[in-house]
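Right, one structure below, let's go through it.
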């Protein structure tokens, strides 16, 4: 039986949900997945940190209040976020990085990933910043150190969009994709189809917890742009930076636009897309697009996300599912760990 | 560089399309996929058979007329379908089985698979019969002989529904699925939404090549029932036989039913489904279901297929794409071979 020692970096909703899954399902995973997880370190800029090589109790961690320095309440815990020490020295095999996305320079998450990979530890993350801004460097670093760097959750939370494309569609020759990659803006557009104006729709999204106090990153397309960079670089072997992706949001859409679209059997959607051009270059954009109602993405409503891949051999294949949610995003981390385990197991089987 | 020797069993549209892909893309695969394919045998009940351990020319094979005994036109070819000889003795590593589906006993395809697996050859197939009727036996046989038995194309052609669920959704704890798994019946329903009666809609499907001369297997749900058995056994570890799946088709739906549904913001769809019950048992059915327009499958129109998986950790994740087509189904065989290659490569990497 394999046991992976895990350090949780960032202890907000996602890693708390992962701790909750560990508390509830570790025994079940032993038979179903062939491994168990032991949390040996947790660090969070707000809560502090705690380490124990013999294992921390996952259930106790989930009960920790979300108050500054709360880690000090645990045996051996401290109010200080000893990020570097936890990442490098707590004895973890795998670092689960789930801190906030910094769209400017990807820090401090990128440094967290770098420290872990340099020390020969696998990294699983849900953070868009390190991949969109420093993906190539971190992938090379992981390869040099013979460890995995997995980030399924960075694009569509637990909905497996990267792995679907890279594993299951391998050989189909993907030439482009279109995606609804931001639940907030899609929810706003769905509300506007119900007759609400843009400002009212944003307020409703905020009231229901779908939108931040400052919704700019969502409705202006900045969040989608990061995801387009990640997907285009991963699936089309593009070498895009954020500035290569033209970006306009949905704030310019009026109720008249929405109504006129309905009259034409169409819908406005905020679409993140990338396409391989005839000359081999990749064009990428984030913009509102008018989709006819028979387009595979036209019916994706509310907070659901979806990506439609175009490939030479299959035409359009579309996957839709949750694009956010604590448990859903924690599943993305679990699926990355499963992937690491499966790769390791195949090698081991051969060795016997 | 790995070269897999391939025997094509059944040389209708699907294996012809695979030969075409090999003729056009083998060199490209060398760099993109890390292997090439060499066809060393072809056999077909109508066309005859041909073998050559040094390789048959894929392009010449695709130009062969679809006339009885046509294989005799090739050097070393014969009008006789030497199935057993080709499968057992042509030196193939992998058998690509793409003969017709026999829903009664799965023959002769099941025997073809058995011969290959017993001889230690991998089998890739798009044929529903052997899996739905003899899946457990054939999987056990493959395991005993340490070879792969892959059948991604048996459910949704090239749209990767089995691999999505088994690889990418592993750990999410799938509790059930609903699918639109027959393009013909879905096309008929879409036509009826356009105002055609059932009989007229079937005629139109036949005129466009979506429906067989005898459309019973499609519109009565028998085709979907085989796919439900395959998916339920594969993903829910059910041990279903065909008779465990209740089955009713779409012939009883009237234009009034369709119109009434539209009025209620809903749509009739032929749904194949299976669900794990509280007591652990699996209930499975094929039946017309009234789906509200916000159901993930309601907008799947025309000949497109889709499956929506329900899991404990993710809720609904839906994949849609082509459910038929020669090249699309040939891609399913290719994707099975890629899977075989990736498993082998991981072992090899470790060995170095």
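Residue numbers (the UniProt record's numbering), protein chains in the order written: chain A, 1 to 352; chain B, 1 to 352. Yeah, the Cβ is synthetic: ideal placement off N, Cα and C, and Gly gets one too.
- Shown in chain order are the members of the segment 306 to 340 of chain B whose Cβ falls below 7 Å from a Cβ of chain A: 313, 314, 315, 316, 317, 318, 319, 320, 321, 322, 327, 328, 331, 334, 335 and 338.
- Contact check for residue 255 of chain B against residue 194 of chain B fails: the beta carbons are separated by 8 Å or more.
- Residue 152 of chain A is classed as buried because its beta carbon has at least 16 other beta carbons within 10 Å across all chains shown.
- Rounded to whole angstroms, the gap between the alpha carbons of residue 76 of chain A and residue 40 of chain A is 12 Å.
- Per DSSP, the beta-bridge partners of residue 51 of chain B are B:41.
- The beta-carbon separation of residue 285 of chain B and residue 298 of chain B, rounded to 18 Å, does not stay under the 8 Å limit for a contact.
- A Cβ-Cβ distance of about 24 Å is found for the pair residue 251 of chain B and residue 232 of chain B, leaving them out of contact under the 8 Å criterion.
- One finds nothing in chain A with a Cβ atom closer than 9 Å to the Cβ of residue 154 of chain B; even the nearest lies about 15 Å away.
- In the three-state DSSP reduction, residue 239 of chain A falls in the coil class, being neither helix nor strand.
- The contact set of residue 169 of chain B on chain A, defined by CB atoms closer than 7 Å, consists of 160 in chain order.
- Ranked by how close their Cα comes to the Cα of residue 190 of chain B, the residues B:280, B:65 and B:258 have B:258 in first place.
- For residue 18 of chain B, the secondary structure class from DSSP, reduced to helix, strand or coil, is helix.
- Residue 299 of chain B belongs to the set of residues whose beta carbon lies under 8 Å from a beta carbon in chain A.
- Note that the C-beta distance between residue 138 of chain A and residue 105 of chain A is not below 8 Å.
- Residue 338 of chain A and residue 94 of chain A do not touch by the CB rule: their CB atoms are close to 11 Å apart, not below 8 Å.
- Our two residues, residue 120 of chain A and residue 146 of chain A, have alpha carbons roughly 7 Å apart in a direct line.
- Here residue 157 of chain A has 322, 323, 324, 325, 328, 329 and 332 as same chain residues with Cβ atoms under 7 Å from its own Cβ, once five neighbours each way along the sequence are excluded.
- Taking a beta-carbon distance threshold of 8 Å, residue 264 of chain B does not count as an interface residue toward chain A.
- Here residue 65 of chain A is exposed. Its C-beta has fewer than 16 other C-beta atoms within 10 Å.
- The three-state secondary structure of residue 274 of chain A, taken from DSSP, is strand.
- Inside the segment 125 to 161 of chain A, DSSP marks whole alpha helix (DSSP H) runs of 4 or more residues at positions 128 to 144 and 153 to 156, from first to last along the chain.
- According to the DSSP assignment, residue 320 of chain A belongs to the beta strand (DSSP E) that extends over 315 to 322.
- Judged by DSSP in its simplified three-state form, residue 63 of chain A adopts coil rather than helix or strand.
- Around the Cβ of residue 264 of chain B, a 10 Å sphere holds fewer than 16 other Cβ atoms; the residue is exposed.
- DSSP places residue 175 of chain A in the strand class (E or B) of the three-state scheme.
- In this structure, residue 118 of chain B lies near residue 141 of chain B, with their beta-carbon atoms less than 8 Å apart.
- Interface with chain B (8 Å Cβ-Cβ cutoff): residue 294 of chain A is included.
- No Cβ of chain A is located within less than 8 Å of the beta carbon of residue 6 of chain B.
- Residue 164 of chain A reaches chain B at 160, 164, 168 and 319, counting residues in chain order whose Cβ is nearer than 8 Å.
- With the criterion set as a beta carbon lying under 7 Å from some beta carbon of chain B, the members of the segment 27 to 43 of chain A are 33, in sequence order.
- In this structure the segment 306 to 322 of chain B does not touch the segment 205 to 212 of chain B; the number of beta carbon pairs closer than 8 Å is below three.
- Interface annotation, residue 203 of chain B: not in contact with chain A, CB-CB separation never under 8 Å.
- Any Cβ of chain A closer than 8 Å to the Cβ of residue 346 of chain B would place that residue at the interface, and such an atom is present.
- In summary, no residue of the segment 42 to 63 of chain B has a CB separated from any CB of chain A by less than 9 Å.
- Below 8 Å, enough C-beta pairs join the segment 55 to 64 of chain A and the segment 21 to 28 of chain A to call them touching: three or more.
- With a contact defined as Cβ atoms closer than 8 Å, residue 48 of chain B and residue 19 of chain B miss out at about 15 Å.
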